[in-house]
Amino acid sequence: MNFLKFILVLFVIYIDSISFAQEPQELKDKYVLVIHGGAGTISKSTLTPELEKEYKDALKEALKCGQNILDTGGLAITAVEAAVKYMEDSPLFNAGKGSVFNHEGYNEMDACIMNGKDLTCGAVAGVTNLKNPIEGARLVKDSSKYVFLYGDGAQEFCLSKGAAYADSSYFFTDFRWKQYQKALEKDTIILDHDTTSLNYNYKALEELEKFGTVGAVALDRYGNLAAATSTGGLTNKEFNRIGDSPIVGAGTYASNRSCAVSCTGKGEFFIRETVARDIAARMEFGNQDLTESGEKTMARLEKKGGSGGFISVDKRGNYIMMFNTKGMYRGVVTNDKKTSVKIY
Ligand code: ASP
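Everything in the sequence shown is counted per the working numbering, starting at 1464 for the first residue and increasing by one.
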């Protein structure tokens, strides 16, 4: 009896390892790319029609960058990096170029990328002069023996591997500087996503809080999943604070066994609830589908007071874009070439 049980366990492990490790050979038609540019107190009344158009155009362009790769048979990991890179280069989002200022008045950025095919991943945190932190994360994944590098060392490593350098003046945007001055004056941190959790009058700040962390998840034509997230974190953050975005399982996660996830919101809550991994684990071990898994994870997050959102795509190409804030910059494109971008 025990021997039979042992054989059965071996068989299950064998089947599981084949389905996980084997790269599907066939180039299929189906692919999906989903992106976000942060969630928060974003409503029609706080965005001018011109700005709304700028956001939507930027989201469409970011989708195009990733879609070109997926459409021609490129990998999910390449597509999510390209989409995030585009948003990092835009001053509209709180990542790369548009990153917020920390308490000392400079930019500290975090990013993470993960390949669902083999669970390889790379992350950087607290980098100050990498033009594209997501490029740094990719270099850590591909060219280091580590998963997560921090601060000066992270930067030194990435630059030595060819990452693009940017002087601190590159990250200066007038808008972000004003936001920082406001936060200093009020002695608070500012989360792009949820002005309602701050205990002072936000009216003036609302105008200033329209930007957010960026992320992308994709399913490629080989059936592989990948996720990437990049952020400047919170305005006026202190003591080298690191959020959820670069933490595997908190703000970013991908596994071909289940799904790929990128989150946005107040990082402390997402870290405690390991939001990205929870969504995946509910599918992997709990037999839940992506929607149920997302809804249950969101409910738990909300119960603990967390606000924000996440995007996810599963191995069958189902996808979700969930948030409990007023809005989330988001978009999706699939192999039928239909692109959709939304804010509210
Ligand atoms: N999750 C990010 C952080 O806590 C912030 C964001 O999503 O805007 O650093």
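Where is the CB? At the ideal position from N, CA and C, for every residue including glycine.
Alpha helix (DSSP H) runs wholly inside the region 1732 to 1771, at least 4 long, in chain order: 1738 to 1749, 1753 to 1766
Cα-Cα separation, Asp-1552 to Gly-1695: Numbered from 1 along the sequence shown, position 89 holds the residue referred to as residue 1552. Numbered from 1 along the sequence shown, position 232 holds the residue referred to as residue 1695. Whole-angstrom Cα-Cα distance: 13 Å.
Through-space distance from Gly-1579 to Thr-1727, alpha-carbon basis: Start at 1 with the first residue of the sequence shown, and residue 1727 comes out as number 264. Start at 1 with the first residue of the sequence shown, and residue 1579 comes out as number 116. Whole-angstrom Cα-Cα distance: 20 Å.
Proximity to Cys-1722 [Cα-Cα], best of Ala-1626, Tyr-1782, Lys-1767: Position 259 of the sequence shown, counted from the start, is the residue given in the question as residue 1722. Nearest of Ala-1626, Tyr-1782, Lys-1767 to Cys-1722, Cα basis: Tyr-1782.
Cβ contact (3+ pairs, closer than 8 Å) linking the region 1563 to 1570 and the region 1599 to 1611: no
Sheet register partners of Lys-1805 (DSSP bridge): Taking the sequence shown and counting its residues from 1, the one referred to as residue 1805 is at position 342. Per DSSP, Arg-1793.
Sequence-distant residues of its chain with Cβ nearer than 6 Å to His-1566 (five each side left out): Here the question's residue 1566 lines up with position 103 in the sequence shown. Correct list, in chain order: Asn-1699, Glu-1701.
Val-1804 burial status per 10 Å Cβ neighbour count (16 or more: buried): Here residue 1804 is taken as the residue at index 341 of the sequence shown, counted from 1. Label assigned to Val-1804: buried.
Separation of Arg-1763 from Gln-1618, as counted between CA atoms: Locating residue 1618 in the sequence shown gives position 155, where the first residue counts as 1. Locating residue 1763 in the sequence shown gives position 300, where the first residue counts as 1. Those two C-alpha atoms are separated by around 36 Å.
Three-state secondary structure (DSSP) of Phe-1620: Numbered from its first residue, the sequence shown carries residue 1620 at position 157. It is helical.
C-beta atoms of Val-1495 and Val-1795 nearer than 8 Å: Numbered from its first residue, the sequence shown carries residue 1495 at position 32. Numbered from its first residue, the sequence shown carries residue 1795 at position 332. Their beta carbons are under 8 Å apart, which means Val-1495 touches Val-1795 by this criterion.
Backbone secondary structure at Phe-1702 - three-state DSSP: Mapped onto the sequence shown, residue 1702 falls at position 239. Coil, per DSSP.
Close beta carbons around Gly-1675, own chain, < 7 Å, minus the five adjacent residues each side: If you number the sequence shown from 1, residue 1675 lands on position 212. Answer for Gly-1675: Gly-1500, Gly-1501, Ala-1502, Gly-1503, Phe-1556, Asn-1557, Asp-1655, His-1656, Thr-1727, Tyr-1792, listed in chain order.
Cβ-Cβ distance between Ala-1629 and Pro-1709 below 8 Å: Looking up residue 1629 in the sequence shown gives position 166. Looking up residue 1709 in the sequence shown gives position 246. Going by C-beta atoms, Ala-1629 is not nearer than 8 Å to Pro-1709.
Per-residue burial, Ser-1725 [other beta carbons within 10 Å of its own, 16 or more giving buried]: Counting from one through the sequence shown, the residue named residue 1725 turns up at place 262. Under this definition Ser-1725 is a buried residue.
Beta-bridge pairing of Phe-1556 - partner residues as DSSP gives them: Within the sequence shown, residue 1556 is the residue found at index 93, counting from 1. Bridge partners of Phe-1556: none, in fact.
Beta-carbon spacing of Ala-1690, Tyr-1716 below 8 Å: Start at 1 with the first residue of the sequence shown, and residue 1690 comes out as number 227. Start at 1 with the first residue of the sequence shown, and residue 1716 comes out as number 253. Result yes, Cβ atoms of Ala-1690 and Tyr-1716 sit closer than 8 Å.
heavy atom of ligand 1 below 7 Å from Phe-1733 C-beta: On the sequence shown, position 270 is the one that residue 1733 refers to. At least one heavy atom of ligand 1 is nearer than 7 Å to the Cβ of Phe-1733, so yes.
Contact under 8 Å by Cβ, Thr-1636 with Gly-1561: Indexing the sequence shown from 1 puts residue 1636 at position 173. Indexing the sequence shown from 1 puts residue 1561 at position 98. Cβ atoms of Thr-1636 and Gly-1561: closer than 8 Å.
Whether Arg-1684 touches Asp-1520 by CB criterion (8 Å): Here residue 1684 corresponds to residue number 221 of the sequence shown, with the count starting at 1. Here residue 1520 corresponds to residue number 57 of the sequence shown, with the count starting at 1. No, the Cβ-Cβ distance between Arg-1684 and Asp-1520 is not below 8 Å.
C-alpha distance - Ala-1525 paired with Val-1590, whole-angstrom precision: Translated into the one-based positions of the sequence shown, residue 1525 becomes position 62. Translated into the one-based positions of the sequence shown, residue 1590 becomes position 127. The straight-line gap from Cα to Cα measures roughly 23 Å.
Per-residue burial, Ser-1775 [other beta carbons within 10 Å of its own, 16 or more giving buried]: As a first step, residue 1775 is located in the sequence shown; it is residue number 312 there, counting from the start. Its Cβ being crowded by 16 or more others within 10 Å, Ser-1775 is buried.
Residue range of the unbroken alpha helix (DSSP H) whose run includes Ala-1539: As a working note, residue 1539 is residue 76 in the sequence shown. From DSSP, the alpha helix (DSSP H) with Ala-1539 extends over 1539 to 1551.
Ala-1646 to Gly-1614 span [Cα, whole Å]: As a position in the sequence shown, residue 1646 is number 183, starting the count at 1. As a position in the sequence shown, residue 1614 is number 151, starting the count at 1. So the alpha carbons of these two residues sit roughly 24 Å apart.
For Ile-1532, the three-state DSSP class (helix, strand or coil): As a first step, residue 1532 must be located in the sequence shown, where it is residue number 69. Correct three-state label for Ile-1532: helix.
Beta-carbon spacing of Asn-1719, Leu-1688 below 8 Å: Indexing the sequence shown from 1 puts residue 1719 at position 256. Indexing the sequence shown from 1 puts residue 1688 at position 225. The answer is yes: Cβ separation under 8 Å.
Asp-1707 Cβ short of 7 Å to ligand 1 heavy atom set: What you label residue 1707 is simply residue 244 of the sequence shown in a count that begins at 1. Correct: Asp-1707 has its Cβ closer than 7 Å to ligand 1.
Gly-1696 beta carbon near ligand 1 (any heavy atom closer than 7 Å): Position 233 of the sequence shown, counted from the first residue, corresponds to residue 1696. Yes.
Between the CA atoms of Asp-1534 and Thr-1797 - distance to the nearest angstrom: Taking the sequence shown and counting its residues from 1, one reaches residue 1797 at position 334. Taking the sequence shown and counting its residues from 1, one reaches residue 1534 at position 71. Taking the straight line joining both Cα atoms gives about 9 Å.
Residue of Leu-1582, Gly-1686, Phe-1564 minimising C-alpha distance to Phe-1634: For the purposes of this step, residue 1634 is taken as the residue at position 171 of the sequence shown. Looking at the Cα atoms, Phe-1564 is the closest of the given residues.
Which residues DSSP lists as bridging Phe-1786, in chain order: As a working mapping, residue 1786 is identified with position 323 in the sequence shown. Its beta-bridge partners are Gly-1772.
Backbone CA spacing between Gln-1530 and Gly-1780 [nearest angstrom]: Counting from one through the sequence shown, the residue named residue 1530 turns up at place 67. Counting from one through the sequence shown, the residue named residue 1780 turns up at place 317. Computed Cα separation, rounded: 14 Å.
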